[in-house]
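Numbering (our numbering), first residue to last: 1 to 57.
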Ligand SMILES: [Zn+2]
């Protein structure tokens with residue numbers, strides 16, 4: 001077993017992000033950095049944030 005500290009997953013869909021694809025998007029929302037595997041996930045996440053405000057986590 002590898003001790004993989006850099007096991008980044010998309011904040012929206014939870015998919016593991018393939019670093020080799022270099023599709024990682026980082027969005028700073030409410031002073032926290034969220035990473036996404038695609039622009040679609042980032043957009044959906046921000047849409048949910050705007051709908052639910054701070055209650056969405
Ligand atoms: Zn995603």
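Just so you know, even glycine gets a beta-carbon here, dropped at the ideal spot from N, CA and C. Since the structure is predicted, the reported quantities are computational estimates derived from the model, not experimental observations.
- Neighbourhood of residue 26 by C-beta, 6 angstroms cutoff - its chain only, sequence neighbours within 5 removed: 33 and 35
What is the chain-ordered set of residues for which the beta carbon lies under 6 angstroms from any non-hydrogen atom of ligand 1? 10, 12, 13, 15, 36, 37, 38 and 41
*Distance, Cα to Cα, residue 42 vs residue 7?*
18 angstroms
Quiz item: In the DSSP assignment, what residue or residues form a beta bridge with residue 35?
Solution: 26
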